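Structure first, then comments.
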Amino acid sequence: MVDSVRLFAVFTLIASVSLGAPSDLKQSPEAGREKPPTEEEKGAQSGYQPPPPVVTEHTLTLSDGKILNYKAIAGYLLIRDTKPETQPEKDSGRESAKENAQDQLDPSRGKPKAQIFFVAYILDGAEVATRPVTFAFNGGPGSASVWLHMGGIGPRRVVLSDRGDALPPPAKIADNESTWLESTDLVFIDPVSTGFSRAVRGEDPKQFYGYSQDLASVGDFIRIWTTRYARWSSPKILAGESYGTTRAAGLSQYLQDRYGMYVNGIVLISSVLNFQTLEFEPGNDVPYPLFLPTYAAAAWYHKRLRPELQELTLPEVLSQAEAFSSGDYLLALAKGDAASQSDLDRIANQLSRFTGLDADYLKQENLREPIERFTNDLLKDQNRSIGRYDSRFRGIRLHPGTDAQDFDPSDEAVNGPFTGAFNDYVRRELKFETDLPYETVAEVNPWKLAENKYLDVAANLKEAMSRNPYLKIWVCCGYYDLATPYFAAERVVRAMNLDPAIRNNIQFTFYESGHMLYIVREAREKLKDDLGRFL
31 MVDSVRLFAV FTLIASVSLG APSDLKQSPE AGREKPPTEE EKGAQSGYQP
81 PPPVVTEHTL TLSDGKILNY KAIAGYLLIR DTKPETQPEK DSGRESAKEN
131 AQDQLDPSRG KPKAQIFFVA YILDGAEVAT RPVTFAFNGG PGSASVWLHM
181 GGIGPRRVVL SDRGDALPPP AKIADNESTW LESTDLVFID PVSTGFSRAV
231 RGEDPKQFYG YSQDLASVGD FIRIWTTRYA RWSSPKILAG ESYGTTRAAG
281 LSQYLQDRYG MYVNGIVLIS SVLNFQTLEF EPGNDVPYPL FLPTYAAAAW
331 YHKRLRPELQ ELTLPEVLSQ AEAFSSGDYL LALAKGDAAS QSDLDRIANQ
381 LSRFTGLDAD YLKQENLREP IERFTNDLLK DQNRSIGRYD SRFRGIRLHP
431 GTDAQDFDPS DEAVNGPFTG AFNDYVRREL KFETDLPYET VAEVNPWKLA
481 ENKYLDVAAN LKEAMSRNPY LKIWVCCGYY DLATPYFAAE RVVRAMNLDP
531 AIRNNIQFTF YESGHMLYIV REAREKLKDD LGRFL
């Protein structure tokens with residue numbers, strides 16, 4: 031396998047220490063002997079505790095010669111019912127009343143609900159009062175944290191080409207010289223049903239499937255982890271990607287309200303705060319002008335624009351596309367059937383100019399090209415589709431002549447390598463043993479977002495920022511991201527109507543990459559540099 035990424039970091043595994051590695055998770059050395067029950071099977075017992083986390087010690091040497099000695103902690107935290115499990119009364123005397131009172135005062139005696147898997151990286155010798163800790167998660171909903179963990183900010187990463195292409199299997203991992211560990215401790219969280227996280231036996235996992243339910247379980251995890259590892263005095267950062275940005279924005283207010291925990295910063299990678307900006311549904315014209323600049327970026331990348339635009343730089347093309355989207359295109363959509371034929375011809379011609387699609391076809395589509403069509407239409411004449419997560423990627427169309435996109439080529443480029451690499455890494459280097467499958471993307475439908483309206487967490491973020499004027503927000507956008515387009519993220523923030531005193535607490539950075547912007551080497555390096563300016 032050819033690795034085109036120049037690796038400067040030298041990684042040395044010093045020692046691995048297993049703190050009480052669970053015997054029930056390991057294969058029995060005696061042939062034919064029945065395995066003891068798994069942690070899931072024992073989970074319904076109120077006294078159940080998951081096996082202790084496994085701790086391993088590592089050293090990472092960065093390209094500038096700086097040495098990072100750190101511990102990796104892989105394991106579970108148990109989430110319990112907020113209402114302690116009712117204990118059967120043996121008598122009505124004083125002893126029974128005392129036990130009931132203890133239950134009410136000690137939530138750790140509540141009924142187990144789920145065990146959440148995490149991997150944390152802690153720098154040795156750092157002062158916890160000044161050393162930040164970042165809680166990181168991906169989105170979906172239903173996605174494990176493996177993408178941020180092994181693609182962008184953890185100390186080890188999946189080896190891809192400089193552009194982000196997958197290399198021939200099996201996938202390899204290498205030191206990540208762009209890791210955020212140099213600046214902050216890291217805790218990667220897999221929400222319930224993702225990764226190795228599971229509801230305990232007897233509990234319906236669907237109770238965790240929803241915006242509010244997810245905030246409660248992930249928020250409880252953050253509180254418990256912060257308490258167990260004595261980090262209440264540390265600066266705290268939430269880092270989310272995709273739906274993880276929705277979760278992070280919601281958590282900023284939830285943690286304040288529920289636990290009095292005020293975080294210092296929030297990193298929103300490929301942000302979605304208002305779902306109306308993404309949903310192509312009848313009667314909702316909001317997404318069309320917000321996606322258009324990213325359509326233009328894709329068309330420019332694949333050389334489908336007219337010569338006068340194709341010869342420009344990407345930022346120059348985007349500047350023109352943004353002006354058209356915010357002006358004439360927005361007005362034409364608002365006019366609807368009242369638009370004149372000359373208006374339709376003019377707008378269709380401009381749409382064609384920025385998308386590379388035929389003007390007559392765009393008129394037939396009523397000037398509205400949804401994302402699921404654009405990914406098929408742009409390179410239809412080449413029998414190729416482009417990626418939704420990253421429009422730079424192209425893939426073979428299995429059913430030419432139809433509107434169906436059989437698979438997302440940008441998703442396929444990362445799914446296999448990341449799944450294989452993490453399953454090897456967590457067992458071989460982190461020494462965590464389990465027979466459970468690692469669910470990189472879990473089925474968590476139906477997911478309860480909001481009833482009879484679009485989910486919008488911008489208001490939650492605004493309130494959290496207003497109550498905590500020290501809270502800083504960093505929004506990271508990829509120009510080629512057709513899942514959460516950058517122009518939509520900008521529009522939502524501009525509409526938050528923040529007080530001038532905190533308006534500058536939000537900063538944007540942009541990258542010539544896609545949804546998982548860190549898979550591109552230059553973007554990953556820039557992301558680390560930009561982190562230094564954010565902290």
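First residue of the sequence shown: 31, per my numbering; consecutive thereafter. Ideal Cβ positions, reconstructed from N, Cα and C, are used throughout, including at glycine. Bear in mind the structure is a predicted one, so any value in this text is a computation, not a measurement.
- For Trp504, the enclosing beta strand (DSSP E) stretches over residues Lys502 to Gly508.
- The alpha carbon of Ala174 has as its nearest neighbour, out of Pro476, Phe147 and Pro199, the alpha carbon of Phe147.
- Taking Gly169 as the centre and dropping the five residues before and after it, the same chain places the C-beta of Glu271, Ser272, Tyr273 and Gly274 closer than 6 Å to its C-beta, in chain order.
- Under DSSP, Ser173 takes part in a beta bridge, and its partners are Val471.
- Sequence-distant partners of Gln340 (beyond 5 residues in either direction) whose C-beta falls short of 7 Å from its own C-beta, in its chain, are Trp330 and Lys333.
- Contact between Met291 and Leu285 holds: CB atoms are separated by about 4 Å, below the 8 Å threshold.
- In this chain, Val522 is not harboured by any beta strand (DSSP E); it is covered by the alpha helix (DSSP H) spanning Tyr516 to Arg524.
- When the beta-carbon positions are compared, Gly240 and Lys483 stay at least 8 Å from each other.
- In the three-state reduction of the DSSP assignment, Val163 falls in the strand class, which pools E and B.
- In the DSSP assignment, Arg424 falls outside any alpha helix (DSSP H) and within the unbroken beta strand (DSSP E) covering Arg424 to Ile426.
- Between the alpha carbons of Glu338 and Gln306 lies a gap of roughly 33 Å.
- Under the DSSP assignment, Ile183 falls outside any beta strand (DSSP E); it carries neither an H nor an E label.
- The continuous beta strand (DSSP E) containing Ala150 extends over residues Pro142 to Leu153.
- Out of Ala166, Gly366, Leu107 and Ala362, the CA that lies nearest to the CA of Gln380 is found in Ala362.
- A straight-line Cα-Cα distance of about 49 Å links Gly184 and Lys365.
- Taking each of Leu281, Pro447, Leu268 and Thr214 in turn and checking the Cα distance to Gln243, the smallest one comes out for Leu281.
- Judged by DSSP in its simplified three-state form, Leu344 adopts helix.
- Rounded to whole angstroms, the Cβ separation of Leu557 and Cys507 is 11 Å, and the two are not in contact under 8 Å.
- An exposed status is given to Trp262, since fewer than 16 other beta-carbon atoms sit within 10 Å of its beta-carbon.
- Short of 6 Å from the beta carbon of Pro171, and not among the five residues preceding or following it, lie these beta carbons of its own chain, in chain order: Tyr273, Val474 and Trp477.
- Here DSSP, grouped into helix, strand and coil, assigns Ser213 to coil.
- Residue nearest to Thr276 within the set Tyr259, Ser301 and Thr256 is Ser301 (criterion: CA-CA distance).
- Thr464 and Met546 have their C-alpha atoms spaced approximately 28 Å apart.
- Residue pairing by DSSP puts Asp486 in a beta bridge opposite Asn304.
- In this structure, the CA atom of Ser356 is about 14 Å from the CA atom of Val522.
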